[in-house]
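Numbering (our numbering), first residue to last: 6 to 483.
Notes follow the structure.
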């Protein structure tokens, strides 16, 4: 690459679309409007800038991927940033964006242009374009063009693939439930003796639990990407491990470990040891501002609320990154995973109960089995935290592996290690340490598997100059 082109590429890659501080940065807006994680939006923006470089230097009309085109569309609405600063000052020429004329001929032309663009990308940057941002041409001009704008405040957006798998599992379960009793000469399950029917019902409940757990797993996406480089700080780690309550517990431990707070001589109050320094986190500041405080739930509640408020933006960020699951989706996953259990109770237990009552036969065992089995099955299906996606669980497991030496309490190399130790392993990790009195101060003890905290948790195309380009329906020129 020539020096002039290298300088142009550097200018484009370092170009600040926002042009300074913004309450809602371009990347955050792009992520919000397209349902992406913030890290993915950042990657799309980088690929958009690479596309701009290709449009300026390739010598032919280049074609972006659908996601790159989405970033381009949004940047066009930042008119001063796009036309004055990017085109006028960096490129020193216009980069137009026009819609395609449509039709088979245009589609074939754009497909060929897209293939040429991927080739130019490899030649310019010495590596292939990332497949998740730049998919193959068949996908680029297939499913990728079927986007719609949806108001997520009024509508649920549910991926088809997991729902299809859930539907297949449920259909298979219903067929098995109907076929197994009939394997012995087509016997009607509702004509079986009580003991035989209860056996069938028990097997059906077990199958419903298994399918329900599979459904939860299938819907708890996204999965952890290979070599996930997302770094969790101690606050995020505490929140993943035990929610907002664990975050407050860890913040207190970190403050005591840093000698910014201590347990008073009476063993009941937590007090500050000096002024609030500038280098504390938002959660630590919220705790320090609430001191002194007694170790009862009523006194700790205002501090917990302050910690929740201080960490609120981080909660949104974790959801945007696909690390935690929003509450609305948690409810949907729980509802869907209980559907097989509902099928068993409504299609097997209830009809048999009505038949027994109508025939004035004893139904006590059926009722007991249905109620006890139903409650037990419900608890098993919903067991475990539904807050974390597979990616979140993987990141938390990595943190536990990395910081496992903190369990012993004898290898704490910094004052902040107490906070990370409690974040991952609960207050029980403080036993026998230099700040052991803090363990008895906590009104509620926690361990690695428990949640909660101190006292009640809250829980197209483009070309420069005379060139043009295309997108999934966009083309352009001067």
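Quick reminder that beta carbons are idealized off the backbone N, C-alpha and C, glycines included.
Distance between beta carbons of residue j and residue i, contact taken as under 8 Å
i: residue 392; j: residue 330; result: 6 Å
i: residue 342; j: residue 211; result: Residue 342 to residue 211, Cβ: 15 Å. No contact.
i: residue 328; j: residue 396; result: 6 Å
i: residue 428; j: residue 246; result: 6 Å
i: residue 492; j: residue 57; result: As shown, the chain starts at 6 and ends at 483. That puts residue 492 outside it, with no answer to give.
Identity of the residue in the options nearest residue i by Cα
i: residue 370; options: 79, 198 and 119; result: 198
i: residue 74; options: 63, 318 and 119; result: 119
i: residue 347; options: 379, 335 and 336; result: 379
i: residue 130; options: 142, 404 and 51; result: 51
i: residue 430; options: 65, 110 and 243; result: 243
i: residue 271; options: 79, 58 and 298; result: 298
i: residue 228; options: 398, 317 and 425; result: 398
i: residue 82; options: 96, 101, 286 and 321; result: 101
i: residue 206; options: 374, 265 and 280; result: 374
i: residue 401; options: 322, 282, 238 and 200; result: 238
i: residue 3; options: 11, 43 and 41; result: Past the boundaries of the shown model lies residue 3; the chain is included only from 6 to 483, so the question cannot be answered.
i: residue 9; options: 279, 382, 56 and 95; result: 95
i: residue 64; options: 76, 122 and 108; result: 122
i: residue 200; options: 367, 450, 15 and 453; result: 367
i: residue 383; options: 282, 57 and 216; result: 216
i: residue 97; options: 124, 62, 67 and 113; result: 62
i: residue 450; options: 432, 280 and 80; result: 432
i: residue 319; options: 109, 77, 336 and 286; result: 286
i: residue 40; options: 282, 321 and 266; result: 321
i: residue 262; options: 424, 282 and 90; result: 424
Per-residue burial, residue i [other beta carbons within 10 Å of its own, 16 or more giving buried]
i: residue 28; result: exposed
i: residue 325; result: buried
i: residue 376; result: exposed
i: residue 372; result: exposed
i: residue 13; result: buried
i: residue 146; result: buried
i: residue 422; result: buried
i: residue 284; result: exposed
i: residue 240; result: buried
i: residue 355; result: exposed
i: residue 435; result: buried
i: residue 334; result: buried
i: residue 345; result: buried
i: residue 305; result: buried
i: residue 323; result: buried
i: residue 132; result: exposed
i: residue 6; result: exposed
i: residue 136; result: exposed
i: residue 143; result: exposed
i: residue 278; result: exposed
i: residue 1; result: What is shown of the chain runs 6 to 483, which leaves residue 1 out entirely.
i: residue 76; result: buried
i: residue 303; result: exposed
i: residue 213; result: buried
Residues near residue i in its chain [Cβ-Cβ closer than 6 Å; skip 5 each side]
i: residue 23; result: 30 and 31
i: residue 26; result: none
i: residue 222; result: none
i: residue 37; result: none
i: residue 15; result: none
i: residue 496; result: Residue coverage of the chain in this structure runs from 6 to 483, which leaves residue 496 outside it and unanswerable.
i: residue 72; result: 49 and 138
i: residue 503; result: No answer is possible for residue 503: it lies beyond the span of the chain, which begins at 6 and ends at 483.
i: residue 225; result: 394 and 395
Sequence-distant residues of its chain with Cβ nearer than 8 Å to residue i (five each side left out)
i: residue 300; result: 273, 274, 275, 446, 447, 448, 459 and 460
i: residue 54; result: 17, 18 and 20
i: residue 307; result: 295
i: residue 79; result: 31, 34, 35 and 38
i: residue 426; result: 258, 408, 411, 412, 414, 417, 434 and 435
Proximal residues to residue i (C-beta, below 7 Å), its chain only, five neighbours per side dropped
i: residue 42; result: 36, 325, 326 and 327
i: residue 268; result: 275, 442, 443 and 446
i: residue 190; result: The pLDDT assigned to residue 190 is 48, lower than 50, so where the model puts this residue is not dependable; a value taken from the coordinates is nonetheless given after this. Taken in chain order, the list of residues that qualify is empty.
i: residue 187; result: Note on residue 187: pLDDT 49, under 50, position unreliable in the model; no value is reported.
Beta carbon proximity, residue i to chain C, threshold 8 Å
i: residue 250; result: As a matter of chain content, chain C is missing from the structure shown, which is built from one protein chain.
Contact the stretch 223 to 241 vs the stretch 406 to 413: 3+ CB pairs below 8 Å = no
If we count Cβ pairs, one from each stretch, closer than 8 Å, do we get three or more for the stretch 432 to 443 versus the stretch 258 to 275?
-> yes
Flag this pair as touching only if the stretch 386 to 402 and the stretch 356 to 372 have three or more C-beta atom pairs under 8 Å; answer yes or no.
-> no
So does the stretch 307 to 324 actually touch the stretch 286 to 293, counting three or more Cβ pairs closer than 8 Å?
-> yes
Any contact of the stretch 47 to 59 with the stretch 20 to 38, i.e. 3+ C-beta pairs under 8 Å?
-> yes
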